[in-house]
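In UniProt numbering, the protein residues as written are 1 to 1153.
We put the beta carbon where it would ideally sit given N, CA and C, even for glycine.
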């Protein structure tokens, strides 16, 4: 696809670049499906035939909350007044009804810029615009008229409707009741239920804002500072008359001394003065530690010079440079008054865990040691103060967990007297930049940013939720009541309680302005119900009551009864409360009540009312009427406090998240982690924090930092959303690249128009030369210091101004164009379709008329990096700008300076594989060198295989070759081969000789990437064979010796036996002997021989024993039956049977007797 202007992608389905829309009506969108990452799209809407206001209507808007923004400016440039910075889920097509933002650009022109980061994407936006249309089409309760009478269209409302968009019914339900309130007069006074009202004010006279500070003095609500969109007026200080509901800007009393505009600060009222502390300056986004005093009687400003009892953080930075903190005025019994400042964000400390106290008399800040259940560090939290006890209640806020942001739903109380924190019940609804107000012991929480992640979890950027926290019950409830406003959702607003002068009217909570992608121009007023409105005792107390009885010791138990019994507070000291205050349908159970009841309540009996018919207030019956539980006449006033029995310092050094937090506490020191201070150890210096890194390149070296290009600031990644909650950062990066952002540094028209602040001034040469400068649709802009505004300066670009398109001929001054606007012949050593690159052998940035410089690489390379001039080294392993360094980290050694080179050291008898790819490291490589210094005195065989044709050069270096050219002896050259083997002669080259130090070298050249090279060096040594032969021979010799030895031993043994036998025979021959004759003529054998006799008897020497010899007739057995039948001689016994053949039948035996 060849995309039209303003579109990109494979299917031209994503917005891109900058386009001009000149029709009176039209639409614009980021494209189909989810928008692309890193999108930068701009639209200039400048109708040709109209200067009347533009109206924008959104059909859909969903983007990543806090990161992806659509900026809308009322004018033709990004320097025009800002109308909106839309982000988050504002309106989705699947919503039924809901809020659809409509925006009016009164100048008749509008500049829109959409930016998305590299992470999460959503469905984006779809919007339409039209000229001179009334907002919301008058809600179909009027006609849009006055096109020729007024500067912009106005609604002419039908009868019975009024408002700028005819959104309000004039008299619903024919309201004519006296002493009533509400749009339909349905709210009687006093009323037992809370209700909202909305007060609109003129957006032309007063600028709406967010993250401002407010304080109440009498009947006047004072508002200072805040983030404003599109306001050039100095209206930092405003006053709102609650009675007349009239806003008025407050000017200085003829003095030029006044604080700079800021947001995220605090303000308290003390002795007819307003004290403004901290915040971030809107001009440069710097956090400050300033303390200013405004005297409401003299209308004068004073910058207070204070002192501190603690040291600076580092580099002279004050620990008081806070934003998003809270401040409360605390009055002690000894008439001492201090300002207590809690938490906030510090550019170096990050999320501050500290509490500070300011003494108005001594003008001194101290940082007290506080105790808590753990480290508390919050930004954008709220605090309310119970004036009867001085206890401060804290809820919500943003905090960091590791390297990410997390939104808190925790609730704490802080006792300034004991400086002790106590953790209370969690609301389960995380939020920050919300509002809070305390009325009759109930803390009301409204709105805020509840988005806690980067997916469609349902958590909104701008929440309309309304919650209440009961101090006595330590319980949370969600209230269904919402303001009757076009869009009640918001954050960055502030809630302040206005005391009522009548018992029939409860104290009111005023909420001014806020942010929902735009700055909201209304005042929300919530009035809680009043117990006086309850006239019935049973309804006041309720039908079901739970009693907490006090017994001896600390044993308590819950019981209930169904009777409506009364009790006198003065007698029984009871505090009548309801566990879920201000909720009409509350039905708490005894289990719920017991689990949420604050332990240690000194009140003897607590009644818990629960009934659908009873009031939603926390009331008790005082004999004749129902009164609020927090009342000046209540016996239990001030007794329902949360106390921590042993309030010791619980924050440990190990809890601190970073080094600067750690060393800020004098009891801690840093040693890779935060540890308790030890005088015997030395604290390690802290690493440079993100805020101290002043350049993009240094910033991005730290993985925990990111660079905001539009603000030129380095910030921590876990603080981006809290540092720029209103889209102040137009573009950021955290990759290892720093794009040019300043207009004057941008070299081409395309790059220039990627920046929403810039436009292109062509020089009129029709070659593409020009200058990028700040500008808009009307021309270049010049900042006027006196008016602090940008003004059109046509003199800066007399030849040709391009804001939504570029000159047709874009040759960067190195060529002219033909009739088709194509560059003819690029000169000055440039190439490219726009002559935007240097040709091979040259480097530089030739864009916009710059020159190309010849590469200085000598024989090391034929080309260099076209931008930096660094040589594209042809030999693998050589690096450096001029290829003068060997890449030792990857195993290449040598001396690459001059004509030297680098080698990769191979190991003997191993095969090495080198896969050279077409990547940034190997694209230009055509050579690679190998070497080895063998230790054995044997031949070296080289085996080489390559997938590309290569040239090989075999050489050796040694002591004898050091005087030769190159210090080596060339052995062989081989050209155009892919497979080759070669053997270095060990004997001839004296390989392995320690005195020669012979090194074999293999030079591979002439190839192109990608290629695969395999190489191995082999030394086939005979030593092993020799060793084996020697071992085998030795074995045979040993075996032969063993055989000979065995044979000699056998011969010796035989000789010994023969000698012994001869001696025995001689001895036997020397013994006396005689011969006898034995004759046996008869063959008859008796059945038994009686009295056998020896044939010979030999007496021994002692004549005690003798050896006798006898003849034995061996048994012959019986004849067989067949023989008995056949031999007549055998018919009768005794039988004679001859011995078997080969046996004599006789035996001689000897015996010792």
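Please identify the residue among the options whose C-alpha is closest to the C-alpha of residue i.
{"i": "residue 137", "options": "191, 57 and 127", "result": "57"}
{"i": "residue 103", "options": "133, 123 and 114", "result": "133"}
{"i": "residue 432", "options": "483, 492, 393 and 426", "result": "492"}
{"i": "residue 245", "options": "154, 206, 351 and 960", "result": "206"}
{"i": "residue 399", "options": "422, 302, 434 and 353", "result": "353"}
{"i": "residue 891", "options": "914, 882 and 871", "result": "914"}
{"i": "residue 105", "options": "71, 37 and 1061", "result": "71"}
{"i": "residue 976", "options": "1060, 950 and 372", "result": "950"}
{"i": "residue 958", "options": "441, 1001 and 695", "result": "1001"}
{"i": "residue 45", "options": "498, 1043, 25 and 901", "result": "25"}
{"i": "residue 938", "options": "904, 979, 988 and 973", "result": "988"}
{"i": "residue 83", "options": "1078, 1100, 727 and 808", "result": "727"}
{"i": "residue 282", "options": "297, 266, 260 and 292", "result": "260"}
For residue i, count neighbouring Cβ atoms within 10 angstroms of its own Cβ and tell me buried if that reaches 16, exposed if not.
{"i": "residue 387", "result": "exposed"}
{"i": "residue 1143", "result": "exposed"}
{"i": "residue 707", "result": "buried"}
{"i": "residue 59", "result": "exposed"}
{"i": "residue 1148", "result": "exposed"}
{"i": "residue 1065", "result": "exposed"}
{"i": "residue 568", "result": "Because the pLDDT of residue 568 is 31, which lies under 50, any placement of that residue in the model is unreliable, and the question is left without a value."}
{"i": "residue 214", "result": "buried"}
{"i": "residue 735", "result": "exposed"}
{"i": "residue 251", "result": "exposed"}
{"i": "residue 332", "result": "exposed"}
{"i": "residue 1", "result": "exposed"}
{"i": "residue 780", "result": "buried"}
{"i": "residue 255", "result": "exposed"}
{"i": "residue 21", "result": "buried"}
{"i": "residue 17", "result": "buried"}
{"i": "residue 614", "result": "Bear in mind that the predicted position of residue 614 carries a pLDDT of just 33, short of 50, making it too unreliable to give a figure here."}
{"i": "residue 10", "result": "exposed"}
{"i": "residue 608", "result": "With a pLDDT of 34 at residue 608, under the threshold of 50, the predicted position of this residue should be treated as unreliable, though the coordinate-derived value follows. Under this definition residue 608 is a buried residue."}
What is the C-beta distance between residue i and residue j, in whole angstroms, given that I count them as a contact (C-beta under 8 Å)?
{"i": "residue 778", "j": "residue 74", "result": "That belief does not hold up - the Cβ atoms of residue 778 and residue 74 are roughly 14 Å apart, past 8 Å."}
{"i": "residue 54", "j": "residue 118", "result": "That belief does not hold up - the Cβ atoms of residue 54 and residue 118 are roughly 32 Å apart, past 8 Å."}
{"i": "residue 786", "j": "residue 764", "result": "Between residue 764 and residue 786 the Cβ distance is about 32 Å, and since that is not below 8 Å, they are no contact."}
{"i": "residue 249", "j": "residue 257", "result": "Rounded, the Cβ-Cβ distance is 18 Å, inconsistent with contact."}
{"i": "residue 940", "j": "residue 875", "result": "Not really, about 23 Å apart at Cβ, beyond 8 Å."}
{"i": "residue 164", "j": "residue 36", "result": "About 37 Å separates the two Cβ atoms, so there is no contact after all."}
Go to residue i, then tell me how far its beta strand (DSSP E) extends in each direction, as first and last residue.
{"i": "residue 977", "result": "969-984"}
{"i": "residue 339", "result": "337-342"}
{"i": "residue 789", "result": "789-792"}
{"i": "residue 782", "result": "779-784"}
{"i": "residue 911", "result": "911-916"}
{"i": "residue 1099", "result": "1096-1099"}
{"i": "residue 268", "result": "266-270"}
{"i": "residue 1107", "result": "1106-1113"}
{"i": "residue 220", "result": "220-224"}
Would you mind reading off the limits of the alpha helix (DSSP H) that contains residue i?
{"i": "residue 518", "result": "No alpha helix (DSSP H) contains residue 518, which DSSP labels as neither H nor E."}
{"i": "residue 1049", "result": "1023-1069"}
{"i": "residue 751", "result": "749-754"}
{"i": "residue 664", "result": "659-664"}
{"i": "residue 698", "result": "696-700"}
{"i": "residue 723", "result": "720-723"}
Validate contact between the region 1057-1069 and the region 1108-1115 using beta carbons, cut 8 Å, 3 pairs: no
Contact between the region 959-971 and the region 875-895 (3+ Cβ pairs under 8 Å): no
The region 356-365 touching the region 685-699, judged by at least three CB pairs closer than 8 Å: Touching, no.
Contact between the region 652-663 and the region 679-687 (3+ Cβ pairs under 8 Å): yes
Validate contact between the region 916-936 and the region 1002-1017 using beta carbons, cut 8 Å, 3 pairs: The region 916-936, when compared against the region 1002-1017, does touch it at the 8 Å Cβ threshold.
Inter-stretch contact (C-beta, 8 Å, three-pair minimum) for the region 342-349 and the region 375-382: yes
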